[in-house]
Every structure is written in C-alpha cells, then in structure tokens.
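Participant: Take this structure first; my questions come after.
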Ligand code: LM2
Ligand code: CA
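Residue numbers (mature numbering (1 follows the signal peptide of the UniProt record, and there is no 0)): 18 to 493.
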C-alpha cells in the first residue's frame, strides 16, 4: 500500500542515465534492491523538446534538459503509467527514485512540438500540466533575456540565459507555484528525491522558497532527499546551497578522479573538505553525464582503474555517493541513447526496452564486479570511522571501517600480497569488490589484491559455506 512505511536501503545512488522507466523498474527488482542500492537518479521525467539531429547526435540526450511542460506522459522513456509503476516497483525494493528536475529554465531558441504533443516557443509554454490550467508566457521569464557572458557576475549567472535557455523568473510567485505543483505531483507518485538541475543558476533565496515544506514522501516518509547541482566557484561557492540539500562536489570529483587515474591513492585517506563541504553536505561522484563527455578525467573507458575509483568512493566515508551508469557514445557527445530504432513511432536514438548490459551499448558500470557488492559494504560499515591499516608507496592502501569493514586498493602494477591488522571479527568473508574470499583470524588478514583491483570484506558478508563463497579462492 502506498502509505505503508517502506524500509529504505542505504545511501548509494546509481544514475541510470537515459534508461527508460520499464528498464529502471526491472533493475530495481533484479539488481539494485537485492544488492542494497538505495536510490536511482533517473533522467528528467518531464515533456521535452524533440530534435531529430543536432551537433552530430541523433535525438541528443540533452533534449531532456529543455522542458516543454511538466507533463510526465510520453517522454522518450515511456508513459506516465510506466513512470508510476517504476516508482512503485523501486520503492517496494527499498530504492528511492530521484527525479532530475529542471527548474531554472525551459527551452532554447526556436519553436516546435514537445514529446507529448505540446507546442512550444522559447518564451511560450502554453500547457504546463496537460489540463489547460497553467502556462508560462514571456512575463514569467527574465528579468534577463540575454545569454550569460560574465561568469564572475553573480546576478548574470543567476538571472540570464544559461546556454541560451529561456530563464524562468523564479522570483515570480506564479512560477514558483507551478514548479511546486510539479514537484509535489512527482512526490504524489512516490518520487522520494530530487537532483536539482543547474541550482547555481537559481538564486539561493528562491531555492529556499521553492523547496521548503514540500509534501511528505509516501512510503519512505518525511521530506524528499534533495541534491543541488552546483559547479562551485569563487563567485558562487558550493556552501551557499548547503542549507537546502546536499551539493554536488565537483572539487571532489576532479581531485579523486585525477588521483586515482594517476595511481596516487594515499592522499585520499585524509580526504580534504573539498569545496568547503562537510561529509554530510556533499554529493560525490567519480564522473557524471557531463564530465564524462566534456572533462573525461576518469570514465568507464579507463576500465579497471575507473571501477577501482568507484569502489574506493563507496568504501570511503566522505559524502553521499552517486555511481554513474552510462551508455557508450563513441566520440559523439550529443548522441542519444542506444536503441534498436525499429519500433514504429520510436525513431533511432529513443530508448527501447533493450537495456541488456552485455549485448548493447549500455555500459552498466554499477554492475561491474568491483562495484556491484560495494553498496552492501557501505551499508554494513555505516558511519564508522576510517582507520588506515596499510600502505605501499602511494598507489596501494588498505583501511578498516570501524570493526565492520576492511578494504584494500591496488592502483599499482602487479598483485599486492598484503597481511594487515584489522578489527573485523574472526571469520571467512566474501570479497565484495571481486572474486575470492579471505579469512580474518586473531586481528590479522592476508589478502591478494590484484593490479587495478580491490578487496573489500564486511560484517554480514561472511561465508557460511566457504565452498560457495566467491569461488572458494581462499587467500588466507
Ligand atoms: C546542467 N546542469 O546544470 C546539465 O547537467 C547539463 O547536461 C545541461 O546541458 C545544462 N545544465 C542545462 O540543463 C545540456 C547539454 C547542452 C544542451 C543543454 C540543453 O550539455 O549541450 O544545450 O543540455 O539541451 C543545447 C545545445 C546548446 C544550445 C542549447 C539551447 O548544446 O548549444 O545553446 O541546447 O538551444 C545555444
Ligand atoms: Ca536563473
């Protein structure tokens, strides 16, 4: 029942970038719930522009970041009914749906017809909810109608056009109430969190008003979890948005991605307060859909080293983590999601039901062997402190999480044969970050950490029958 309390999984979120609703639902049931993942960030659920080809891409993924209306039906990812079924299925599996909400702007220049058939022009969005009750016209935008040029001017950054997108006048009570109607409508469907697109471009005081006292989330209860997308800088620091939710920590992303890429793990044991954000204010990630295209420090294209970075993020106590799950776009940064493109009315570039991680261009980073078990590790260790246990040069580190978890990472060449102290109770544990199992005895553990690999052991992850545990490769 919709109002029965739902047991939530932990705090690990996966961004199932561009997955359609039916595929997300199946993933919640088959993989995310059973493995202890706590949330899915889905692509923007509202009606979007439809652009057959632009900037070298078929039906670019970024259509979604140009809202035509707040209607949920018939986006490239499915119907409203499929959306609601997804939310319910995920909730039943302890997984929160985080909707990516685009509230700073509507469409770019031009005009057209949206994915659900609503006509649009840049400053004319005539039917926001599909029932004729609300619209945006020119007066609901601005006060600036020019493109942002001076990024050191806070007023411009927050009031002018980002990428020429029509900037909503978020000081306008009518605009605020339409946005809140959209947010509360999603909550009513069971959406339990929001990734707020381009928050930095909305004045802080407006964010405070738009997100205050939203409806209670059915099932999980309480206010929705919120994280704001902010590229912090000297003009608009991350911390300005911390009172209103978690804040995307791009300083963490740049530093951690670069250090892991360079095999320089040891400095990460003493994680700085990147961007001035405390752990409980920070949303952390190794890459996202923008950085993997425009600033690809470390992505799935880097293979094992990338997965090691993700496993490290999940083992480390700093921040609330988002795992990127993407599709292979080759070199075409605008290219829309993979598709068979054969269904009538479903032109190439639109998502079909094919999200098979092994037979298509969907990469499914979250299912990589180094990553799949790490949400459970994170849940098991909770908020315990990190205690360094071993180090070999700067490329190999191992640490405990309280007496609840032990993890070792090897960004150097060759196998790291390590014997270390640990507070884990005696027992044989399955490796949550790869194959094998390892035995803790008398406060010591001996592990073989493969090159560009990890070993992660946690309470609740012991092998009742070691023969059934991770292939029986006992390193002890
Ligand atoms: C974001 N966060 O603040 C998203 O993470 C990012 O992916 C969005 O850009 C951006 N903000 C706006 O929501 C993407 C994409 C852009 C694309 C926009 C809008 O990276 O390339 O801009 O979505 O669809 C496209 C064209 C751009 C054009 C604009 C308006 O690439 O050249 O600007 O549409 O027509 C003239
Ligand atoms: Ca704005």
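Think of the CB as a built atom: it goes at the ideal place given N, C-alpha and C, for glycine as much as any other residue. Computed from a predicted model, the values in this text were never measured in an experiment.
Looking at C-beta atoms only, is the number of pairs between the region 445-461 and the region 302-317 that lie closer than 8 Å three or more?
Facilitator: No: the two stretches stay apart, fewer than three of their Cβ pairs being nearer than 8 Å.
Participant: Indicate, with yes or no, if ligand 2 has a heavy atom lying under 8 Å from the CB of residue 219.
Facilitator: Under cutoff, so the answer is yes.
Participant: Work out the CA separation of residue 479 and residue 436 for me, nearest whole Å.
Facilitator: Straight-line Cα distance between these residues: approximately 19 Å.
Participant: How far does the beta strand (DSSP E) with residue 226 in it reach, from first residue to last?
Facilitator: No beta strand (DSSP E) holds residue 226; the alpha helix (DSSP H) holding it covers 221-228.
Participant: Run the proximity test for residue 139: is its beta-carbon closer than 8 Å to any non-hydrogen atom belonging to ligand 2?
Facilitator: Flag unset: Cβ of residue 139 not near ligand 2.
Participant: Identify the residues that DSSP records as bridge partners of residue 433: which are they?
Facilitator: Answer is 466.
Participant: Taking DSSP as the reference, what is the three-state secondary structure of residue 210?
Facilitator: In the structure shown, residue 210 sits in a strand (DSSP, three-state: E or B).
Participant: To the nearest angstrom, report how far apart residue 320 and residue 445 are at their CA atoms.
Facilitator: Straight-line Cα distance between these residues: approximately 29 Å.
Participant: Relative to ligand 1, is the shortest distance from any of its heavy atoms to the C-beta of residue 11 smaller than 8 Å?
Facilitator: For the chain, the structure presents residues 18 to 493; residue 11 sits outside this window and is missing.
Participant: On the three-pair Cβ rule with 8 Å, is the region 342-357 touching the region 68-79?
Facilitator: Yes: the two stretches touch, three or more of their Cβ pairs being nearer than 8 Å.
Participant: Just how far apart, CA to CA, sit residue 147 and residue 42?
Facilitator: Using only the alpha carbons, I get a separation of about 25 Å.
Participant: Can you grab the Cα-Cα spacing for the pair residue 259 / residue 458, in whole Å?
Facilitator: Approximately 43 Å, taken between the alpha carbons.
Participant: For residue 297, does the three-state DSSP call read helix, strand or coil?
Facilitator: Helix, per DSSP.
Participant: Tell me whether residue 331 is buried or exposed, calling it buried when 16 or more other Cβ atoms sit within 10 Å of its Cβ.
Facilitator: Under this definition residue 331 is a buried residue.
Participant: Starting from residue 141, follow its DSSP beta bridges and name the residues at the other end.
Facilitator: Residue 141 is bridged to 138.
Participant: Sorted by chain position, which residues of the same chain lie with C-beta nearer than 6 Å to residue 97's C-beta, five sequence neighbours on each side aside?
Facilitator: Excluding sequence neighbours, residue 97 sits near 89 and 90.
Participant: Spell out the partners DSSP gives residue 33 in its beta bridges.
Facilitator: Per DSSP, 342.
Participant: With a threshold of 16 other CB atoms inside 10 Å of the CB of residue 211, please say whether the residue is buried or exposed.
Facilitator: Buried is the call here.
Participant: Buried or exposed for residue 155, please, with buried defined as at least 16 other CB atoms from any protein chain shown within 10 angstroms of its CB.
Facilitator: So residue 155 ends up on the exposed side.
Participant: Return yes when at least one heavy atom of ligand 1 lies under 8 Å from the C-beta of residue 317, else no.
Facilitator: It does not: the Cβ of residue 317 is nowhere closer than 8 Å to a heavy atom of ligand 1.
Participant: Comparing alpha-carbon positions, which option in 414, 415, 62 and 394 lies nearest residue 475?
Facilitator: For the residues 414, 415, 62 and 394, the minimum Cα distance to residue 475 belongs to 394.
Participant: Between the region 202-209 and the region 163-180, do at least 3 Cβ pairs fall closer than 8 Å?
Facilitator: Contact fails: fewer than three Cβ-Cβ distances are below 8 Å.
Participant: With a threshold of 16 other CB atoms inside 10 Å of the CB of residue 229, please say whether the residue is buried or exposed.
Facilitator: Classification for residue 229: exposed.
Participant: Please return the same chain residues whose Cβ sits closer than 7 Å to the Cβ of residue 226, not counting the five positions on each side in sequence.
Facilitator: 193, listed in sequence order.
Participant: Pull up the distance between the alpha-carbon of residue 346 and that of residue 378, whole angstroms please.
Facilitator: Looking at the two C-alpha atoms, the distance is approximately 8 Å.
Participant: Considering only C-alpha positions, which residue in the set 144, 183, 149 and 150 is nearest to residue 163?
Facilitator: Taking only the C-alpha atoms, the option nearest residue 163 is 183.
Participant: Could you please give me the residues that DSSP links to residue 263 through a beta bridge?
Facilitator: DSSP output for residue 263 lists 244 as bridge partner(s).
Participant: Anyone know if the C-beta pair for residue 244 and residue 219 falls short of 9 Å?
Facilitator: It is not a contact, given that the beta carbons lie outside the stated cut-off.
Participant: Could you tell me the distance, in whole angstroms, from the CA atom of residue 28 to the CA atom of residue 55?
Facilitator: Going from the Cα of residue 28 to the Cα of residue 55 covers about 5 Å.
Participant: Have a look at residue 310 and residue 198 and give me their C-alpha separation to the nearest angstrom.
Facilitator: Straight-line Cα distance between these residues: approximately 33 Å.
Participant: May I ask which residues mark the beginning and end of the beta strand (DSSP E) holding residue 458?
Facilitator: Looking at the DSSP string, the run of the beta strand (DSSP E) that includes residue 458 is 454-458.
Participant: Pull up the DSSP beta-bridge partners for residue 114, would you.
Facilitator: Bridge partners of residue 114: 57.
Participant: Tell me, to the nearest whole angstrom, how far the beta carbon of residue 159 is from that of residue 111; I am working on the premise that it is less than 8 Å.
Facilitator: Between residue 111 and residue 159 the Cβ distance is about 43 Å, and since that is not below 8 Å, they are no contact.
Participant: Whose C-alpha, out of 348, 399 and 344, is nearest the C-alpha of residue 374?
Facilitator: Nearest option by C-alpha distance: 344.
Participant: With a threshold of 8 Å (Cβ to nearest heavy atom), would residue 257 be considered close to ligand 1?
Facilitator: Flag unset: Cβ of residue 257 not near ligand 1.
Participant: Looking at C-alpha atoms only, which residue of 152, 334 and 477 is the closest neighbour of residue 287?
Facilitator: Comparing Cα positions, the closest option is 334.
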